[in-house]
Each structure stands twice: as structure tokens, then as C-alpha cells.
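Asks: Chains as they are written, first to last, in the numbering used here: chain R, 1 to 100; chain Z, 101 to 346. In this text, a Cβ means the ideal position worked out from N, Cα and C, and glycines have one as well. Owing to the predicted nature of the structure, the values given are computational and were not obtained by experimental measurement. Pasting in a structure now, in C-alpha cells, and then I'll have a few things to ask.
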Amino acid sequence: MSEHIVSPRMYVLIFTALVILTVTTVYAATVDLNEHYAGLNVIVALVIATCKALLVVLFFMHAYYSTKRTQLIIIAGVFWLATMLFLTLGDYATRSWDVH
Amino acid sequence: MHRTGELYGHYQTLEQQKDSATLGMWIFLATEILFFGGLFLTYTINRHTYAQVFAFSSRTIDLKWGAINTVVLIGSSLTMAMSVWSAQVGKKKLVTLFLILTLALGSVFLGVKAVEYHAKYVEHHIPGAAFDLYYCTNNPAACNLSGKALENEKTELDDLTTKAGGPTAVNAHSQLFFSLYFGMTGLHAVHMIVGAGLLVWLILQSIKGRFTPEYNTPVENIGLYWHFVDIVWIYLFPLLYLIDRH
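Set out below in C-alpha cells:
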């Protein structure tokens, strides 16, 4: 696994994509998407944020070129986060207690 | 002793040594994901429970500063990545230059954050005895509110007070929002300050010419940390500033 050098051109390309996504998410926030589908504004904002995070992780942080072992650690971190979020939110959503 | 990339006895190659360091950094970052994750979870549950008060409180934060800071931080990630590239191809002067640029952009981010925090202080939006979500509509001059904007804010706040169970409940739940706002952006800012300290150390090492194509692990790994802090902000920005704007 020889070291992979990401070119400046690639970095500038990723930066440009991140700025475009930022402008998009700010614009999307000013439009009422919830009238089409409840919670759509949040969903769009989080999908765009996740696209941005993926670009940063894969290219700025070189995860795309990392060893499989390092990639496994990254996936494990996200998996633990997902476990915490889904189990807790699932509990809140399905119990008969009144949280309001 | 200065570590200049010599091979330690328990590794077979420099590449294996570097892979191990990167792996260790990622394991640390995995714990950081959970560290911030708990706060995001708390925010999600409370935002859902007190949706209207959270939405109103969120709209009092200045979108302009948040958007500017997002671009500043993404820019600092670019310069950080460029300093890693400079080290990998052996351009020693550029390593230092890009590290200084990264530190400068990080400082701009913290400066803007200070401006934002000060605005919240003026508006009595800092949780505690002086907290009052009604301060601005009662003292419009202090918050630079007038005319149509003041009327809108009053109507919206009256409507919210009726729906959300009276002014005491509104102030209590709004403090919950602002506690999370300051807690999350504050923890993020602490990470930025630690990152700035690490950058100062990197710059000093870099001026001495320590980073070469053979040895640049500190630049690479502090870079990983810096990008991680950027990602936290990538999620904080929409969740705190954006989702209730429309």
C-alpha cells in the first residue's frame, strides 16, 4: 500500500463542491419544503450535510485511499453512533410515556 | 528527543509505522464521534419535544454569520489539506505557508463566533438569571429592532406564547435550546482552540524543516483532527441555524 498523494486540483475541486453544497443548503432552508412532505426541510438539510461530510472524509481525510483496517475503524465509529441514535430515538418513539 | 521519522524497533517499515499512527488517530476520532453524538442526540429529542420554542429560538441566531463561518472553515480544511500535500511532495516553505493560512482562517472562525456570542449576550439569550426571550420585543432599541421586523417578532412571539403554555414555559424551554446551542458550539470552539494550539506547534516544527516526503505524520494526523472538527460544524450549522428558517 504505497502512499497515495491527492493532487491540489482534486482538493480545490472538493472545496468548490463543498461551497456549492453550502449555498444550496442555505437556499433550501429559506423554502418551505414541509408543505410538500412533513419534515422535508430537515431531511434535505441532513442529506446535504452528509454529502459534505462524505467528501471531507473520503478526500480531505484520505479515507478513500486508506488501508481496509482504517476504513473499518471509521465504519465502526459511525455504526456505534447510529446504534446510540436509533436505539434511544426508537425508545422515545415507541414507549407509551408522555414526553410532551 | 526529536522524532524525525526514524524507524522504531517494533515496526518493519516506515510505511507500517505511519499506518499505525493513522489508525490510532482514527480510533481517537471514533471516540470523538460518540462524544459529540450524545449532544446531537439530546438536541434531537428536545427539539422534537419543544418544536415551536426551539424553532423560534433558532431563528434569533444570525444566519449570515453561520454561513460565512461554514465557508471559512471549509476554506481552512482546504489549506490544511494543501499543507499535507506540500509535505508529501517536499515543498517545505509551502507547508509552513499553508499551516499559517489554516491557523488564520481558524482564528477568523473563532472571532466570528465571539461576535455571535456577544449578540446573544446583548439580547439576553444566555441561559441564567438574566435570560429573557421577551427582552428584545420589550426593549426594541437595545436589539436594533424597529418597524415591520419588530411587529413581526411581536406577533410571532405572542402566537408562540399562547401555543407553548405561557411565558414561563417559553423562557424555560428556550433556555434549553440556548444551553444546547452554547454547549455544542462551545465544545466545538474548544476543539478549534486545541487545534489552533496544535497548529502553532506544527508551524514551529515546519519552520525548522522537520516535515519531508518521508516524514509528515504529525501534519497528516493533526490534519485529520482539523477536518473532523470541520465535519462537526457541517452538522451543527444546519441543525442550529437552518432547519426552521422557512
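CB residue 181/Z to CB residue 323/Z, shorter than 8 angstroms?
Replies: It is a contact, given that the beta carbons lie within the stated cut-off.
Asks: Since residue 175/Z contacts residue 205/Z with CB under 8 angstroms, what's their CB separation in whole angstroms?
Replies: The pair is a contact, with the Cβ atoms about 5 angstroms apart (cut-off 8 angstroms).
Asks: Could you pull out every residue in the same chain whose Cβ sits closer than 6 angstroms to the Cβ of residue 216/Z, ignoring the five residues on either side in sequence?
Replies: Correct list, in chain order: 165.
Asks: When you compare the CB of residue 49/R with every CB in chain Z, is at least one pair closer than 8 angstroms?
Replies: At least one chain Z Cβ lies under 8 angstroms of residue 49/R.
Asks: Taking the alpha carbon of residue 137/Z as the reference point, which residue from 305/Z, 287/Z and 110/Z has its own alpha carbon closest?
Replies: Here the closest residue by C-alpha is 287/Z.
Asks: Is there at least one Cβ from chain Z nearer than 8 angstroms to residue 32/R's Cβ?
Replies: So yes, residue 32/R belongs to the interface.
Asks: Roughly how far, in whole angstroms, is the beta-carbon of residue 160/Z from the beta-carbon of residue 225/Z, given that I think they are within contact range, below 8 angstroms?
Replies: Confirmed, Cβ separation roughly 7 angstroms.
Asks: State whether the region 33-45 of chain R contacts the region 207-216 of chain Z, with contact taken as three or more CB pairs (one from each stretch) at a distance under 8 angstroms.
Replies: Contact between the region 33-45 of chain R and the region 207-216 of chain Z is absent, because fewer than three Cβ pairs lie under 8 angstroms.
Asks: Can you list, in chain order, the residues of its chain with a C-beta nearer than 8 angstroms to that of residue 139/Z? Leave out the 5 residues immediately preceding and following it.
Replies: Only 280, 283, 284 and 287 meet the Cβ criterion.
Asks: Under 8 angstroms between C-beta atoms, does residue 9/R make it to chain Z?
Replies: So, not an interface residue.
Asks: Excluding the 5 residues flanking residue 341/Z on each side, which residues of the same chain have their C-beta closer than 8 angstroms to its C-beta?
Replies: Only 158, 161, 163, 166 and 167 meet the Cβ criterion.
Asks: Should residue 4/R go down as buried or exposed, given a rule of 16 or more other Cβ atoms within 10 Å for buried?
Replies: Answer is exposed; the Cβ neighbour count stays below 16.
Asks: If contact is defined by three or more beta carbon pairs under 8 angstroms, each pair taking one atom from either stretch, is the region 235-250 of chain Z in contact with the region 268-275 of chain Z?
Replies: The region 268-275 of chain Z vs the region 235-250 of chain Z: no contact.
Asks: Flag residue 64/R as yes if its beta-carbon sits less than 8 angstroms from any beta-carbon of chain Z, otherwise no.
Replies: Closer than 8 angstroms: no.
Asks: Given that a residue counts as buried once 16 or more other Cβ atoms are within 10 Å of its Cβ, and exposed if not, what is residue 29/R?
Replies: Looking at its Cβ environment, which holds 16 or more other Cβ atoms inside 10 Å, residue 29/R is buried.
Asks: If the cut is a Cβ gap below 7 angstroms, which residues of chain R does residue 345/Z touch?
Replies: Within chain R, the residues near residue 345/Z are 29 and 30.
Asks: What does the alpha-carbon distance come out to for the pair residue 144/Z and residue 106/Z?
Replies: Using only the alpha carbons, I get a separation of about 47 angstroms.
Asks: Taking 8 angstroms as the CB-CB cut-off, is residue 5/R touching chain Z?
Replies: So, interface residue.
Asks: Count the other C-beta atoms from every protein chain shown that fall within 10 angstroms of the C-beta of residue 93/R, then say buried if there are 16 or more, exposed otherwise.
Replies: Classification of residue 93/R: exposed, given that the 10 Å Cβ count is below 16.
Asks: If you measure between the beta carbons of residue 331/Z and residue 6/R, is that distance less than 8 angstroms?
Replies: Contact: no.
Asks: Report yes or no: is there a C-beta of chain R within less than 8 angstroms of the C-beta of residue 275/Z?
Replies: Not an interface residue.
Asks: Give the straight-line distance between the Cα atoms of residue 52/R and residue 21/R, rounded to the nearest whole angstrom.
Replies: In a straight line, the C-alpha of residue 52/R is about 7 angstroms away from that of residue 21/R.
Asks: Measuring only the C-alpha atoms, how far is residue 318/Z from residue 310/Z?
Replies: Spanning the two alpha carbons is a distance of roughly 10 angstroms.
Asks: Quick one: Cα of residue 256/Z to Cα of residue 263/Z, how far?
Replies: Approximately 11 angstroms, taken between the alpha carbons.
Asks: For residue 186/Z and residue 202/Z, which I take to be in contact (beta-carbon distance under 8 angstroms), what is that distance rounded to the nearest angstrom?
Replies: Their Cβ separation, rounded to whole angstroms, is 12 angstroms, which puts residue 186/Z and residue 202/Z out of contact at 8 angstroms.
Asks: Below 7 angstroms on C-beta distance, what does residue 92/R contact in chain Z?
Replies: Correct list: 145.
Asks: So, under 8 angstroms CB-CB, residue 189/Z and residue 306/Z are touching, yes? Tell me the CB distance rounded to an integer number of Å.
Replies: Not confirmed; about 14 angstroms, so no contact.
Asks: Here's the rule I'm using: 16 or more other beta-carbon atoms within 10 Å means buried, otherwise exposed. How should residue 130/Z be labelled?
Replies: Residue 130/Z is buried by the Cβ-count criterion.
Asks: For a contact defined as C-beta to C-beta under 8 angstroms, what are the partners of residue 182/R on chain Z?
Replies: Only positions 1 to 100 of chain R appear in the structure, and residue 182/R is not among them; the question remains open.
Asks: Which residues in chain Z sit within 7 angstroms of residue 52/R, going by Cβ to Cβ distance?
Replies: Near residue 52/R (Cβ distances below 7 angstroms), the residues of chain Z are 334.
Asks: In whole angstroms, give me the CA-to-CA distance for residue 85/R and residue 62/R.
Replies: Rounded to the nearest angstrom, the two C-alpha atoms are 26 angstroms apart.
Asks: So that I know if they touch, is there some Cβ in chain Z lying closer than 8 angstroms to that of residue 13/R?
Replies: No, no contact with chain Z.
Asks: Which one of 298/Z, 208/Z, 169/Z and 123/Z has the shortest CA to CA distance from residue 76/R?
Replies: Comparing Cα positions, the closest option is 123/Z.
Asks: Residue 59/R and residue 10/R - do their beta-carbons sit closer together than 8 angstroms?
Replies: Yes; because the gap between Cβ atoms is below 8 angstroms, this pair is in contact.
Asks: Can you tell me where the alpha helix (DSSP H) with residue 94/R in it begins and where it stops?
Replies: Counting along the chain, the alpha helix (DSSP H) containing residue 94/R begins and ends at 68-94.
Asks: Give the straight-line distance between the Cα atoms of residue 1/R and residue 149/Z, rounded to the nearest whole angstrom.
Replies: A caution first: residue 1/R carries a pLDDT of 41, below 50, which makes its placement in the model unreliable, though a value can still be read off. Each residue's Cα considered, the two are about 49 angstroms apart.
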